[in-house]
Structures are given as structure tokens and as C-alpha cells.
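Below is one structure, written out as C-alpha cells, with a few remarks after it.
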Ligand SMILES: [Zn+2]
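In the numbering used here, the protein residues as written are 145 to 358.
Here it is as C-alpha cells:
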């Protein structure tokens, strides 16, 4: 009996733990004698979450066992014409001697990844601080800000329409999930405390982006 309860419990924890936030844990109640029963997790929260995030790619939702709160979003450009998460990962390891790519998300421009394709990096999956916004006091922007990089050099060009669509969808998801107001959606160069930089480029339409956010 115990092993059957254990297996059932493990399955519930495994299935719930991968996707949903604040998933209630199943509860084991021991009755008279050796009879035990399992009270399954409440499903109300699961239904609400599934509905709220039904159009969101599953890999945008961090594993609930590691998920933390986030307070801001920092937008970057790659300052290159091309690239993708794997290419930046290699670059950041070899040139900067970081443990991997500094951003949480990379949005492709159709050259080395799909136009508007959102790649999720190991930093987001593990919910660990980024390495994308140097100079901030206490490194707050790396610790508490989600780093999103759009592939392109927006001092010379502009983001593609699909990149902007994906960026909007991603930011709206982050705002909803973590309660981030639009006043804390920053371009790298306007992030409080950040080092002087041109990122995300003079052509990046930060003002228009903010108008489209809640
Ligand atoms: Zn930047």
C-alpha cells in the first residue's frame, strides 16, 4: 500500500512541479490502523494558471521548485547583425569568461535563428542572476532584472516586426507573472545605475514600446 501511495504521490509532484507555480502539494493522511489515503492537490489553481498561460510557450514558465520573483525587465540588442543563444553563449564563455550566455532570453532576427523566435537560456531555466547589466549598485539589475536580448545592431537598423511582437508578448507575460509595472521596463542604457552604453541602440523605439504596455 505504501509503495502505491508513494508512486502516485511522486507522479503528482512531478507533473505539477514542472509547470505550475504555487502548486499545492498532495497530502497523505493516515487513518485508523495502517490505512492511508491520498488527498490530491486542489485543482483550482491549476485551472486558473493553465487558462492564464494557455498561449505561453511552456519553456517560458520556470520550474516551480526554483522560481523566484523578478522586479524589472532590461532590454538589450546584440550589436551584431546575426547570432543566436548558442553563439552568444560561446562568445560569453570564451571572451568574458562567464559561465555562459549573460541573458535570460534571446529573440532572433531570422538569420541564425527564426525571425521572432524566443530562445530561453540556462539562466532563466535555473532562475539565477544574469550577466547583462554591469555597473548597477549591488548588481541589482542582474539579480532582479530579466535580461532580454534582441539580435541586431539598432544603431544602424531596427528590430523586425516579428521581434517586436515576440518582445511584447514576452514582456506582457513577465509583467503579469511577476507584477512588474511598465515603469520598470528599461532599455539597458536607461537602467538606473547601469554603465554608460548605447544599448539597445538609438533606433530602438523604447517610448513606443512603453505606450503599448500596461
Ligand atoms: Zn545591453
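C-beta: ideal position from N, C-alpha, C; glycine also.
Please read these numbers as outputs of a predicted model, since none were measured by experiment.
Taking only heavy atoms of ligand 1 into account, decide whether any of them is closer than 7 Å to the Cβ of residue i.
| i | result |
| --- | --- |
| residue 336 | no |
| residue 344 | yes |
| residue 332 | yes |
| residue 220 | yes |
| residue 276 | yes |
When you measure from the CB of residue i to every non-hydrogen atom of ligand 3, does any distance come out below 7 Å?
| i | result |
| --- | --- |
| residue 341 | Among the ligands in the structure shown, ligand 3 does not appear; only ligand 1 can be found there. |
If we count the other Cβ atoms within 10 Å of its Cβ and call it buried at 16 or more, is residue i buried or exposed?
| i | result |
| --- | --- |
| residue 355 | exposed |
| residue 264 | buried |
| residue 345 | buried |
| residue 303 | buried |
| residue 216 | buried |
| residue 220 | buried |
| residue 186 | Note that residue 186 scores a pLDDT of 40, beneath 50, so its modelled location is shaky and nothing firm can be said. |
| residue 241 | exposed |
| residue 321 | buried |
| residue 335 | buried |
| residue 203 | exposed |
| residue 310 | buried |
| residue 207 | exposed |
| residue 337 | exposed |
| residue 248 | buried |
| residue 282 | exposed |
| residue 290 | buried |
What is the residue span of the beta strand (DSSP E) that residue i lies within?
| i | result |
| --- | --- |
| residue 294 | 289-294 |
| residue 271 | No beta strand (DSSP E) contains residue 271, which DSSP labels as neither H nor E. |
| residue 216 | 216-221 |
| residue 250 | 249-253 |
| residue 263 | 259-264 |
May I ask which residues mark the beginning and end of the alpha helix (DSSP H) holding residue i?
| i | result |
| --- | --- |
| residue 330 | From DSSP, residue 330 is part of no alpha helix (DSSP H) but of the beta strand (DSSP E) over 329-331. |
| residue 238 | 229-238 |
| residue 315 | 305-322 |
| residue 355 | 350-355 |
With three or more beta-carbon pairs closer than 8 Å as the criterion, would you say the stretch 264-282 touches the stretch 314-325?
No, because fewer than three Cβ pairs between the stretch 264-282 and the stretch 314-325 fall closer than 8 Å, the two stretches do not touch.
Measuring CB atoms only, is the stretch 250-258 touching the stretch 221-238, in the sense that at least three cross pairs come out at less than 8 Å?
yes
For the pair the stretch 230-245 and the stretch 335-352, tell me if three or more CB-CB distances fall below 8 Å.
no
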